[in-house]
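Visitor: According to UniProt numbering, the first sequence is numbered sequentially starting from 1.
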Amino acid sequence: MHLIIAEKNISANRIAQILAGNEKVRAVKEGGVSTYSFDTKTVVGLKGHVVEVDFEPGYTNWRSKVHTPRTLIDAGTVKKPTEKKIVNLIQKLAKKADLVTIATDYDTEGELIGKEAYELVRAVNPAVRINRARFSAITPAEIRSAFDNLTDLDFALAAAGEVRQMVDLMWGASLTRFISLAARRGGRNILSVGRVQSPTLAMIVNREREIENFVPQTYWMLSLMTEKEEQPVEARHTAGRFTDHEAALAAEAGTKEPLVVTDVKEGQKNDRAPAPFDTTTFIVAASRLGLSAANAMRLAEDLYMNGYISYPRTDNTVYPKSLDLNAILDTLRGGVFDADIAWVRQHRRPVPTRGKKESTDHPPIHPTGAATREALGQDRWKVYELIVRRFLATLSPDATWATVRCTFDASGEPYAATGSRLLSAGWRRVYPYSEAKEKILPVITAGERLPIRSVNLEEKQTQPPARYSQSRLIQVMEEHGLGTKSTRHEVIGKLISRRYVEGNPLRPTLVGRAVTDALDNHAATITEPEMTRTLEEHMQLIKQRERSREDVVTESRGMLHRVFDKLEAHEEEIGEEIMEQTAEEHTVGPCPVCGHDLRIRHIGISQFIGCTGYPECRFNISLPGSTWGRAIRLDETCEEHGLSHVRLIRKGSRPWTIGCPLCSHIESNIEALRMMPSMIDDLMQRLHAHHIYTVSEIAGMQPVDLSGAVGVSIGEAGQLIREAEDALEVLRRRSELRKFVRKIIPPRRGRSHAKITRSLLEQGIGDIRALSQANPAALKKAGIGDAGATELLEAARGLCNERALREAGVPAVSLKKYQAGGVASPDDLCYLPIPYLSIKTGINPETVHKHVDLVCSHLGRPTPAKITKAVLERGRKELLAIPGIGEATVQRLYLAGIYDAATLREADPEKVSSITGIAEARLHDYIGHLK
DNA sequence: GCAAGGTC
Numbered sequence: 001m002h003l004i005i006a007e008k009n010i011s012a013n014r015i016a017q018i019l020a021g022n023e024k025v026r027a028v029k030e031g032g033v034s035t036y037s038f039d040t041k042t043v044v045g046l047k048g049h050v051v052e053v054d055f056e057p058g059y060t061n062w063r064s065k066v067h068t069p070r071t072l073i074d075a076g077t078v079k080k081p082t083e084k085k086i087v088n089l090i091q092k093l094a095k096k097a098d099l100v101t102i103a104t105d106y107d108t109e110g111e112l113i114g115k116e117a118y119e120l121v122r123a124v125n126p127a128v129r130i131n132r133a134r135f136s137a138i139t140p141a142e143i144r145s146a147f148d149n150l151t152d153l154d155f156a157l158a159a160a161g162e163v164r165q166m167v168d169l170m171w172g173a174s175l176t177r178f179i180s181l182a183a184r185r186g187g188r189n190i191l192s193v194g195r196v197q198s199p200t201l202a203m204i205v206n207r208e209r210e211i212e213n214f215v216p217q218t219y220w221m222l223s224l225m226t227e228k229e230e231q232p233v234e235a236r237h238t239a240g241r242f243t244d245h246e247a248a249l250a251a252e253a254g255t256k257e258p259l260v261v262t263d264v265k266e267g268q269k270n271d272r273a274p275a276p277f278d279t280t281t282f283i284v285a286a287s288r289l290g291l292s293a294a295n296a297m298r299l300a301e302d303l304y305m306n307g308y309i310s311y312p313r314t315d316n317t318v319y320p321k322s323l324d325l326n327a328i329l330d331t332l333r334g335g336v337f338d339a340d341i342a343w344v345r346q347h348r349r350p351v352p353t354r355g356k357k358e359s360t361d362h363p364p365i366h367p368t369g370a371a372t373r374e375a376l377g378q379d380r381w382k383v384y385e386l387i388v389r390r391f392l393a394t395l396s397p398d399a400t401w402a403t404v405r406c407t408f409d410a411s412g413e414p415y416a417a418t419g420s421r422l423l424s425a426g427w428r429r430v431y432p433y434s435e436a437k438e439k440i441l442p443v444i445t446a447g448e449r450l451p452i453r454s455v456n457l458e459e460k461q462t463q464p465p466a467r468y469s470q471s472r473l474i475q476v477m478e479e480h481g482l483g484t485k486s487t488r489h490e491v492i493g494k495l496i497s498r499r500y501v502e503g504n505p506l507r508p509t510l511v512g513r514a515v516t517d518a519l520d521n522h523a524a525t526i527t528e529p530e531m532t533r534t535l536e537e538h539m540q541l542i543k544q545r546e547r548s549r550e551d552v553v554t555e556s557r558g559m560l561h562r563v564f565d566k567l568e569a570h571e572e573e574i575g576e577e578i579m580e581q582t583a584e585e586h587t588v589g590p591c592p593v594c595g596h597d598l599r600i601r602h603i604g605i606s607q608f609i610g611c612t613g614y615p616e617c618r619f620n621i622s623l624p625g626s627t628w629g630r631a632i633r634l635d636e637t638c639e640e641h642g643l644s645h646v647r648l649i650r651k652g653s654r655p656w657t658i659g660c661p662l663c664s665h666i667e668s669n670i671e672a673l674r675m676m677p678s679m680i681d682d683l684m685q686r687l688h689a690h691h692i693y694t695v696s697e698i699a700g701m702q703p704v705d706l707s708g709a710v711g712v713s714i715g716e717a718g719q720l721i722r723e724a725e726d727a728l729e730v731l732r733r734r735s736e737l738r739k740f741v742r743k744i745i746p747p748r749r750g751r752s753h754a755k756i757t758r759s760l761l762e763q764g765i766g767d768i769r770a771l772s773q774a775n776p777a778a779l780k781k782a783g784i785g786d787a788g789a790t791e792l793l794e795a796a797r798g799l800c801n802e803r804a805l806r807e808a809g810v811p812a813v814s815l816k817k818y819q820a821g822g823v824a825s826p827d828d829l830c831y832l833p834i835p836y837l838s839i840k841t842g843i844n845p846e847t848v849h850k851h852v853d854l855v856c857s858h859l860g861r862p863t864p865a866k867i868t869k870a871v872l873e874r875g876r877k878e879l880l881a882i883p884g885i886g887e888a889t890v891q892r893l894y895l896a897g898i899y900d901a902a903t904l905r906e907a908d909p910e911k912v913s914s915i916t917g918i919a920e921a922r923l924h925d926y927i928g929h930l931k
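Below you can see the structure in the form of structure tokens.
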């Protein structure tokens, strides 16, 4: 069997189709992985890298005293399978193979992915021949020629890729751990560092600094309005920007009629058709349509997977010779583009346009299949249409413009006006994404005299550089060689998810700045694009076999060690700098009580806003737990309290904007305050004026302090505090009820717990006790179904009974036994006969009596007489001695309080029968037997 | 918990 391994599933399929020719390809899924077989060949696709380098075991604990971040530099590495299904299948097939061909992409990573496959094969089949097919596009010609000229894997090329992996891992992981530990950040708040992300972040930070430090310069623009045959014409002073106000004023004053046309120059301008799309230019064009980089890529990948466009991750801007452009035009026929295609065919430029970059792995992005707007939906169609039109534009002639430049002399001051007119639209006919703006001048001839209608001197300011948009940043990253076509947009996503940058255009956060500063000051290597450039040079040398992998890695290790020398010497300082700079990120504004900063605090899953004056100042505002979303500070501030607004953000759900935390705090506590009988508006205002907002604050105060704060007598203050305590208790029970209902009736879509508890409250059900006695109709009204209502009532009763018994002093172990015996309510204990309770629970009758006594006295009821175990045992024997009475009957008699011959003799058979269900006649028999 | 690079 000949095993062929491709880089991805879709390539595997296409390679199989091409190689099979007329033969039918059998597509079979094995263990969830597709294989394509024909003849004796089987083609399998990888998923890019199917293994991952990581440190050998022992380095997982970040805080280890032995394996410090620095030790990661020299730590051994292992390759771990990340796609187990594929790895297993490859090895299974490799055992049976007598030839293996690696057919991954033709670039460094492709060679490395190929080597990973090679090693997987070798591990299970040391003898099999393994060769390599190299092709720059998956077209029949390329593939056939590649398989006719099979070569060997290029281990030097793969080694270059391995160096990148090693260097990225050791620099990234060690620095990430070091910085995170120094700044005491863990979990979701780690501070990541990397060869690509850190220089990218630094560019955004530097741009922000430029903007902040920008000093605007004033300048003046001078223009005049003239007209020819009633058509207004604007001419600008040829000096352009005047930086000297005096000079501008003088030129303005000197601008006088006669205005003489000194020269008219006509010309023609070519407006080149755009080059084919690579990933970056595609993202830039898509961003003009309002799509973010990540979105544009997601849509393009979708189109690619469904066969509408070619592979969207490419650096190539030159169509390979093997690409049949006419065939593509044919494919696109029969839809909305027909007219445009016909036009392109008719006016086709001799050679398609080409961009600066040419690479071998994939062709530029182009359409591969016809589609309709209906089939794709709005967004995908937008992207598809863009790609089709771009393709058509690359085959279309240039646009041409007629240009004209008129120069004027206004009594010695020189002016000029320019005009342009589209002569032939060319590619712009089929690619209407950038507007062709014409500026038509009337016909003006040299020597003519024109009137001056007005002279305008405009004062302007120079502008700071613009922040990076995502697409602009991707362009700049590419210019600096940062990242690849596949990863650039992901890197930006990473900076956003680490909360280093935010907004569009991108702004750095305080954390982003702090980390960049710290790295800039102590580990500058990692914040500069230079590192990538050097790495690439070294990779190049490895490819040319001029340096070895080990040599380059050793050099990189040495550099990283030197970086760590500096870092470790300043660890504390670095940590403090970051913490100090980022503290502001959590600061929401001044504490209303003491004026110190209020800060958002996260402790475990709980979060709140506390005062930095703690413990002297105990002011705090509670926030919903972080399961609702992590609290972050917004830029807006509350005019009344001067505090930043707060928002809860949670992945995958809409953010919950709380707004001013103090406004929200006050608002949400008013209802609770009103639960205090003495609370009147005036009192509430006085409390608020003293920054007392919650009942729990009042409940926790001393009467003297409260009296002083709101100007009531000590006695009244005491009363208020008691009222607050009561309100607090009611609130506590409500919250308990809410949690209880939530536990029994779990939340699900379309069932609002807030609604349920509100409705219960309106019906006077405010705690679990009230719930246990509630009418099922009330639960139904609150939106709880029949089954749920029964379950809820039973659970509530059970819980109340349990609490009552526990309060009375029944020990927990016994409580369980009463529950198991089904006799666990206070009434059961007070009213059921002790022998019955004993036999149902297996508890000694004397102990039962003790419990019954506890419960009865707790409830103020009389305790029944004690029965000892001996008495009970004797009585049982007496009863069993009576013919017809067995264990079951004894138990039933217990229920009626009959436990021996004497109690049976005195019993009223009619009553006993009604309680126990034993026929009266039989009871008469038993009693008769005794007599 | 860490990088960057493949791919889905």
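All residues carry an ideal CB built from backbone N, CA and C; glycine is no exception.
Nearest by alpha-carbon distance to His366: which of Val351, Gln346, Phe391, Leu191 is it?
Guide: Closest by alpha carbon: Phe391.
Visitor: Consult DSSP for Val616 and reduce its assignment to one of helix, strand or coil.
Guide: For the record, residue 616 in the displayed sequence is Glu; it is not Val. In the structure shown, Glu616 sits in coil (DSSP, three-state: anything other than H, G, I, E or B).
Visitor: To which residues of the same chain is residue 938 closer than 6 Å at the C-beta, ignoring the five residues directly before and after it?
Guide: As shown, the chain starts at 1 and ends at 931. That puts residue 938 outside it, with no answer to give.
Visitor: How is the beta strand (DSSP E) around Ile234 delimited, first residue to last?
Guide: Strictly speaking, residue 234 in this sequence is Glu, with Ile absent from that position. Element bounds for Glu234: 231 to 242.
Visitor: Which residues does DSSP list as the beta-bridge partners of Trp401?
Guide: Partner(s): Lys269, Leu422.
Visitor: Measuring CA to CA, which of Cys591, Thr627, Glu729, His665 is closest to Glu616?
Guide: For the residues Cys591, Thr627, Glu729, His665, the minimum Cα distance to Glu616 belongs to Cys591.
Visitor: If distances are taken between C-alpha atoms only, which option among Glu266, Val44, Ala436, His561 comes closest to Val25?
Guide: Comparing Cα positions, the closest option is Val44.
Visitor: If you follow the beta strand (DSSP E) that Gln461 is in, where does it begin and where does it stop?
Guide: First-last of the beta strand (DSSP E) with Gln461: 452 to 461.
Visitor: Extract the residue ranges of the alpha helix (DSSP H) inside the region 822 to 851, only unbroken runs of 4 or more that lie entirely within it.
Guide: 826 to 831, 834 to 841, all fully within the region 822 to 851.
Visitor: By the 10 Å Cβ neighbour count, where 16 or more other Cβ atoms means buried, how is Ile387 classified, buried or exposed?
Guide: Buried is the call here.
Visitor: For His849, does the count of other Cβ atoms within 10 angstroms reach 16, so buried, or fall short, so exposed?
Guide: Its Cβ being crowded by 16 or more others within 10 Å, His849 is buried.
Visitor: Mind checking whether Ala94 and Asn61 have CB atoms under 8 Å apart?
Guide: Against a cut-off of 8 Å, the Cβ pair of Asn61 and Ala94 comes out as no contact.
Visitor: Within the continuous alpha helix (DSSP H) that includes Asp39, where are the two ends?
Guide: Asp39 -> no alpha helix (DSSP H), and no H or E assigned at all.
Visitor: Three or more C-beta pairs under 8 Å: does that hold for the region 759 to 767 against the region 785 to 804?
Guide: No, the region 759 to 767 is not in contact with the region 785 to 804.
Visitor: In terms of DSSP beta bridges, what is Gln475 paired with?
Guide: Its beta-bridge partners do not exist; DSSP assigns none.
Visitor: Going by DSSP, name the residue or residues bridged to Phe277.
Guide: DSSP output for Phe277 lists Ile365 as bridge partner(s).
Visitor: What does a CB cutoff of less than 7 Å around Ile649 pick up in its chain, not counting 5 residues either side in sequence?
Guide: Excluding residues within five positions, the ones whose Cβ falls inside 7 Å are Gly629, Arg630, Ile632, Pro655.
Visitor: Ignore the nearest five residues each way along the sequence and tell me which others in Pro352's own chain have a CB closer than 6 Å to its CB.
Guide: Only Tyr319, Thr394, Leu395 meet the Cβ criterion.
Visitor: Please classify Thr331 as buried or exposed, where buried requires at least 16 neighbouring CB atoms within 10 angstroms.
Guide: The residue in question, Thr331, is exposed, as its Cβ has fewer than 16 Cβ neighbours within 10 Å.
Visitor: Would you identify the three-state DSSP class for Pro508, choosing helix, strand or coil?
Guide: In the structure shown, Pro508 sits in a strand (DSSP, three-state: E or B).
Visitor: Nearest CA to the CA of Lys866: which residue from Cys830, Arg185, Ala342, Leu859?
Guide: That would be Cys830, whose Cα lies nearest to the Cα of Lys866.
Visitor: Apply the 10 Å Cβ neighbour rule to Ala724 and answer buried if 16 or more other Cβ atoms are within range, or exposed otherwise.
Guide: Under this definition Ala724 is a buried residue.
Visitor: How would you call Phe214, buried or exposed, if buried means at least 16 neighbouring beta carbons within 10 angstroms?
Guide: So Phe214 counts as exposed.
Visitor: From the DSSP output, read off the bridge partner residues of Gly659.
Guide: Note: Gly659 sits in a beta bridge opposite Val646.
Visitor: Assign Ser180 to one of two classes, buried (16 or more other C-beta atoms within 10 Å of its C-beta) or exposed (fewer than that).
Guide: Result: buried.
Visitor: Below 8 Å, how does it come out for the region 739 to 748 and the region 707 to 721: are there three or more Cβ pairs, yes or no?
Guide: The answer is no - the region 707 to 721 does not touch the region 739 to 748, with fewer than three Cβ pairs under 8 Å.
Visitor: For Ala159, which of Glu116, Pro276, Gly377, His561 has the nearest alpha-carbon?
Guide: Per the Cα distances, Glu116.
Visitor: If I measure Cβ to Cβ from Lys439 and keep anything under 6 Å in the same chain, skipping five residues before and after, which residues do I get?
Guide: Answer for Lys439: Gly419, Ser420, listed in chain order.
Visitor: Ser359 lies in the alpha helix (DSSP H); which residues open and close that run?
Guide: Unbroken run through Ser359: none, as it is neither H nor E.
Visitor: Tell me the DSSP bridge mates of His522?
Guide: DSSP lists no partner for His522.
Visitor: Roughly how many whole angstroms lie between the Cα atoms of Ala12 and Glu502?
Guide: Taking the straight line from one Cα to the other gives about 40 Å.
Visitor: Can you look up Asn22 in the DSSP assignment and give me helix, strand or coil?
Guide: Looking at Asn22 - three-state DSSP - the assignment turns out to be coil, as it is neither helix nor strand.
Visitor: Is His665 buried or exposed, if buried means 16 or more other CB atoms sit within 10 Å of its CB?
Guide: The residue is buried, with at least 16 neighbouring Cβ atoms inside 10 Å.
Visitor: Which residue marks the beginning of the beta strand (DSSP E) containing Trp220, and which one marks its end?
Guide: Looking at the DSSP string, the run of the beta strand (DSSP E) that includes Trp220 is 218 to 228.
Visitor: Which of helix, strand or coil does DSSP assign to Ile5?
Guide: Ile5 falls in the strand class under three-state DSSP.
Visitor: Could you pull the start and end residues of the beta strand (DSSP E) that Asn131 belongs to?
Guide: Residues 129 to 132.
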